[in-house]
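Single-structure report; data block below.
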Amino acid sequence: MDALLEIKNLCKRFPSREGRAPSPWVIRDLTFSVSEGEFLTIIGPSGAGKSTLLNMIAQIDVASAGEIIFQGNKVVTADPKAIKPGLERRVGYVTQDDLLLPWRTTLDNVLFALEVQGRLDDKSRAHAAMLMEAVGLKGYEKYYPHELSGGMRKRAALIRTLVYDPPVILMDEPFASVDAQTRMQLQEDLLRLWSLGRKTIVFVTHDIAEAIVLGDRTLVLSKQPTRIAGEHAIPFPRPRDVKNFFALPGFAELFERIRAEVQ
Amino acid sequence: MTTIDPTTATLVDEPQPLVSRKTIVVGGRIALAIALLLAWQWGAVEFGSIFFAYPADVVWRLVEITQSGELFQDIEATLRVSAIGFVLGCAGGVLLPFLLRRSPRWTQAIEPYVLASQGIPKYALAPWLILWFGIGDLPKLVIVTLMVFYIPFVNTFAGIRGVDQRFVNMARVMGASEVKISREVIWNSLLPFFFTSLKVSLPRAVSACIVGEFLVSSAGVGHYIEHAREVSDTVGVFAGIVVATTLVLVINAIVEHLERRALRWRPVDRDMAL
Numbered sequence: 000m001d002a003l004l005e006i007k008n009l010c011k012r013f014p015s016r017e018g019r020a021p022s023p024w025v026i027r028d029l030t031f032s033v034s035e036g037e038f039l040t041i042i043g044p045s046g047a048g049k050s051t052l053l054n055m056i057a058q059i060d061v062a063s064a065g066e067i068i069f070q071g072n073k074v075v076t077a078d079p080k081a082i083k084p085g086l087e088r089r090v091g092y093v094t095q096d097d098l099l100l101p102w103r104t105t106l107d108n109v110l111f112a113l114e115v116q117g118r119l120d121d122k123s124r125a126h127a128a129m130l131m132e133a134v135g136l137k138g139y140e141k142y143y144p145h146e147l148s149g150g151m152r153k154r155a156a157l158i159r160t161l162v163y164d165p166p167v168i169l170m171d172e173p174f175a176s177v178d179a180q181t182r183m184q185l186q187e188d189l190l191r192l193w194s195l196g197r198k199t200i201v202f203v204t205h206d207i208a209e210a211i212v213l214g215d216r217t218l219v220l221s222k223q224p225t226r227i228a229g230e231h232a233i234p235f236p237r238p239r240d241v242k243n244f245f246a247l248p249g250f251a252e253l254f255e256r257i258r259a260e261v262q
Numbered sequence: 000m001t002t003i004d005p006t007t008a009t010l011v012d013e014p015q016p017l018v019s020r021k022t023i024v025v026g027g028r029i030a031l032a033i034a035l036l037l038a039w040q041w042g043a044v045e046f047g048s049i050f051f052a053y054p055a056d057v058v059w060r061l062v063e064i065t066q067s068g069e070l071f072q073d074i075e076a077t078l079r080v081s082a083i084g085f086v087l088g089c090a091g092g093v094l095l096p097f098l099l100r101r102s103p104r105w106t107q108a109i110e111p112y113v114l115a116s117q118g119i120p121k122y123a124l125a126p127w128l129i130l131w132f133g134i135g136d137l138p139k140l141v142i143v144t145l146m147v148f149y150i151p152f153v154n155t156f157a158g159i160r161g162v163d164q165r166f167v168n169m170a171r172v173m174g175a176s177e178v179k180i181s182r183e184v185i186w187n188s189l190l191p192f193f194f195t196s197l198k199v200s201l202p203r204a205v206s207a208c209i210v211g212e213f214l215v216s217s218a219g220v221g222h223y224i225e226h227a228r229e230v231s232d233t234v235g236v237f238a239g240i241v242v243a244t245t246l247v248l249v250i251n252a253i254v255e256h257l258e259r260r261a262l263r264w265r266p267v268d269r270d271m272a273l
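Top line first, the protein sequences correspond to chains A and B. The numbers in numbering that gives the first Met the number 0 rise by one with no breaks, and the one at position 151 of the first sequence is 150. The numbers in numbering that gives the first Met the number 0 rise by one with no breaks, and the one at position 267 of the second sequence is 266.
As structure tokens, this is what we get:
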């Protein structure tokens with residue numbers, strides 16, 4: 000499999016305020032790659048620079064040094080002026096807060112990216128309707144985000160990104176703020192939708208079980224400065240049953256090994 | 000143990016229907032209006048009709064000038080200048096911050112001058128403006144525009160600075176152009192600010208126009224009031240004030256209606272809960 004996304008010697012520190020000592024490195028010399036069609040999970044304690052990493056890949060933040068290579072092209076430099084919005088690359092980015100536009104109805108939120116990319120037609124509308132139905136949002140098209148439950152908002156945010164079919168989807172703890180029950184359903188939904196198209200996904204989480212249940216491979220990051228503390232292939236076959244995953248032989252052992260590395 | 004019949008049982012805490020709350024509000028408003036009218040009547044009795052016109056006389060005067068058509072001519076003259084001046088001032092006050100949005104250096108250069116120029120008393124410019132533009136509508140128009148401009152300018156700036164950057168980033172990642180981000184994310188985020196500035200600046204436009212009419216005019220509500228003063232027609236002065244107030248109230252009602260429509264997406268009963 001070809002590397003779709005390569006991170007090479009990536010370093011990041013935020014600009015320090017005048018008269019203060021230079022800020023510490025948030026990310027130091029990080030190198031890894033993601034293959035086409037791979038579901039990579041990245042796990043690390045809070046404050047490990049996980050969101051910063053995804054922001055740099057999504058080009059809403061700049062690296063201090065190092066390279067991010069996407070589909071063979073170097074996409075991030077240390078020059079802020081070279082930052083281009085997602086126009087040409089169109090990564091998908093599902094953030095921890097759903098960031099649904101409060102003045103748009105659920106359907107209009109789902110169609111937002113297609114609309115700004117000028118790709119709204121009958122076919123993409125039908126695709127959006129199909130996705131909304133697949134996650135149980137049918138009938139809620141005209142509802143505003145504040146009228147939806149937390150789980151529904153997460154689903155809407157997820158399919159808002161899936162619908163424009165970006166070559167890679169970055170996910171930053173997208174299910175962190177919902178209850179355990181809803182979370183399992185969201186994981187099931189995600190796996191079901193993912194199995195349809197096998198998109199490349201980089202999924203950041205601080206939940207070890209989630210990283211194992213979802214991923215093909217998981218990277219363990221250490222805390223500041225962020226380095227890779229461990230890497231594990233996840234051998235469990237798909238399709239996976241999220242609810243009975245914990246009982247699988249080998250799960251507990253893998254869980255323990257990762258937990259030792261996270262700390 | 001008794002069982003509760005679900006068809007007849009009502010919840011103790013069932014919220015009061017909105018209608019009754021509305022009745023209370025409307026009733027309260029009417030009561031206040033009557034109180035104000037009584038105070039006015041008392042003022043007329045106490046100070047005499049040279050300083051305080053009787054409400055009844057004012058009503059008759061309003062009927063008179065409505066029938067003669069004078070009222071509508073004056074309202075038309077005032078509204079024309081107010082509206083054009085308002086549109087110019089408002090367009091400038093909203094567009095300039097949008098143009099400066101992506102240029103922090105230009106913003107830093109220009110903003111202090113704009114804010115400093117706010118300190119110039121606009122009515123003090125009137126004689127100079129008359130010198131330049133003569134005694135037509137133009138000097139009034141300039142004053143109205145200048146009086147309006149700063150309110151949307153300051154509010155739009157505050158609104159743009161208050162926009163949640165995460166929404167902007169999200170739109171960028173999805174491939175939205177800067178124009179689209181301005182139109183969609185920024186504009187909708189600052190819509191509440193925009194309506195706040197409308198509520199302040201629209202009445203101000205009418206006031207500025209009326210003051211301008213005191214100085215130079217051949218028609219308009221301000222002209223009517225000033226003319227009435229010149230001939231010691233207290234009833235006319237009061238009638239003019241009532242007309243001006245009514246104009247502002249009607250304009251405010253229209254703005255509030257537009258605001259409710261434009262901000263329909265906001266949670267229901269939001270204002271009541273505050």
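Don't be surprised by glycine CBs; every beta carbon is placed ideally from N, CA and C.
Is DSSP giving Leu273 (chain B) helix, strand or coil here? Note that Leu273 (chain B) scores a pLDDT of 45, beneath 50, so its modelled location is shaky; the value from the coordinates is reported in the next line. If DSSP states are grouped into helix, strand and coil, Leu273 (chain B) belongs with coil.
Can Ala76 (chain B) and Ala218 (chain B) be called in contact, C-beta distance under 7 Å? yes
Report the neighbours of Phe166 (chain B) on chain A: residues whose CB is nearer than 7 Å to its CB, in chain order. Leu98 and Leu100
Extent of the continuous beta strand (DSSP E) run through Met129 (chain A): Premise fails: Met129 (chain A) lies in the alpha helix (DSSP H), Asp121 to Ala133, not in any beta strand (DSSP E).
Neighbour-count burial assignment, Leu273 (chain B), 16 or more Cβ in a 10 Å radius: Because the pLDDT at Leu273 (chain B) is just 45, under 50, the model does not fix this residue reliably, and the point stays unresolved.
With DSSP run on the structure shown, which of helix, strand or coil describes Lys141 (chain A)? coil
Determine which residues share a DSSP beta bridge with Ala232 (chain A) and list them. A:Arg216
Keeping to the same chain, check which residues put their C-beta closer than 8 Å to that of Ser194 (chain A); ignore five residues upstream and five downstream. Beyond the five residues adjoining it in sequence on each side, Ser194 (chain A) comes within less than 8 Å, by CB distance, of Arg237 and Pro238 in the same chain, given in chain order.
Examine chain A for any beta-carbon lying closer than 7 Å to the beta-carbon of Trp105 (chain B), and answer yes or no. Not an interface residue.
Quick one: what's Ala64 (chain A) bridged to in DSSP? A:Cys10
Take Ile209 (chain B) as the anchor and find which of B:Arg100, B:Asp136 and B:Tyr53 has the nearest alpha-carbon. B:Asp136
Going by C-alpha to C-alpha distance, which of A:Phe38, A:Glu255, A:Asp28 and A:Ser32 sits closest to Gly48 (chain A)? A:Asp28
Inter-stretch contact (C-beta, 8 Å, three-pair minimum) for the stretch 62-76 of chain A and the stretch 242-253 of chain A: no
Any C-beta of chain A within less than 9 Å: which residues of the stretch 181-207 of chain B qualify? Glu183, Val184, Asn187, Ser188 and Leu190
In the DSSP assignment, find the alpha helix (DSSP H) that holds Ser81 (chain B) and state where it starts and stops. Glu69 to Leu99
Counterpart residues of Val167 (chain A) in DSSP-defined beta bridges: Per DSSP, the beta bridge partners of Val167 (chain A) are A:Thr199.
Could you run through the stretch 48-62 of chain A and flag, in chain order, every residue whose CB is less than 7 Å away from some CB of chain B? The stretch 48-62 of chain A vs chain B, Cβ under 7 Å: Ala57 and Ile59.
With DSSP collapsed to three states, give me the class of Thr40 (chain A). strand
Can you find a CB in chain B that lies within less than 7 Å of the CB of Arg89 (chain A)? yes
Which residues share a DSSP beta bridge with Ile26 (chain A)? Per DSSP, A:Lys11 and A:Thr225.
Cβ-based neighbour list, Pro202 (chain B), same chain, cut-off 6 Å, excluding 5 preceding and 5 following: Val247
On the three-state DSSP scale, how would you describe Ile29 (chain B)? helix
Quick one: is Leu86 (chain A) near chain B, going by C-beta distance under 7 Å? Note that Leu86 (chain A) has pLDDT 48, beneath the 50 cutoff, so the model's placement of it is unreliable and no number is given.
Contact list for Phe111 (chain A) against chain B, beta-carbon separation under 7 Å: The answer, in chain order, is Met173.
Give every residue of the same chain whose Cβ lies closer than 7 Å to the Cβ of Ala133 (chain A), excluding the five residues on either side of it in the sequence, and list them in chain order. Leu192
Pick out the complete alpha helix (DSSP H) segments inside the stretch 135-188 of chain B, 4 residues or longer, and give them in chain order. Segments of the alpha helix (DSSP H) lying fully in the stretch 135-188 of chain B: 137-160, 164-172 and 177-180.
Straight-line Cα distance separating Leu169 (chain A) from Leu86 (chain A): With a pLDDT of only 48 at Leu86 (chain A), under the threshold of 50, the placement of this residue in the model should not be trusted, and no figure is reported.
Report the neighbours of Pro138 (chain B) on chain A: residues whose CB is nearer than 8 Å to its CB, in chain order. Within chain A, no residue comes near Pro138 (chain B); the closest Cβ sits about 40 Å away, beyond 8 Å.
Show which residues of chain E have a CB atom less than 9 Å away from the CB atom of Lys179 (chain B). As a matter of chain content, chain E is missing from the structure shown, whose protein chains are A and B.
Write down the C-beta distance between Ala228 (chain A) and Val241 (chain A) rounded to the nearest angstrom, noting that I regard them as a contact closer than 8 Å. So it is not a contact: roughly 26 Å between Cβ atoms.
Are the beta-carbon atoms belonging to Val242 (chain B) and Val220 (chain B) less than 7 Å from one another? yes
So, does the CB of His126 (chain A) fall closer than 7 Å to a CB anywhere in chain B? no
Are Ser45 (chain A) and His205 (chain A) touching if we call contact CB-CB under 7 Å? Contact: yes.
Grab me the residues of Gly43 (chain A)'s own chain with a C-beta within less than 6 Å of its C-beta, minus the 5 sequence neighbours each way, in chain order. Lys49 and Leu220
Between the stretch 183-190 of chain B and the stretch 149-169 of chain B, do three or more beta carbon pairs fall short of 8 Å? yes
Other residues of its chain near Thr140 (chain B): CB distance less than 7 Å, five sequence neighbours each side excluded: In the sequence on display, residue 140 (chain B) carries Leu and not Thr. Contacts found: Val80, Ile83 and Gly84.
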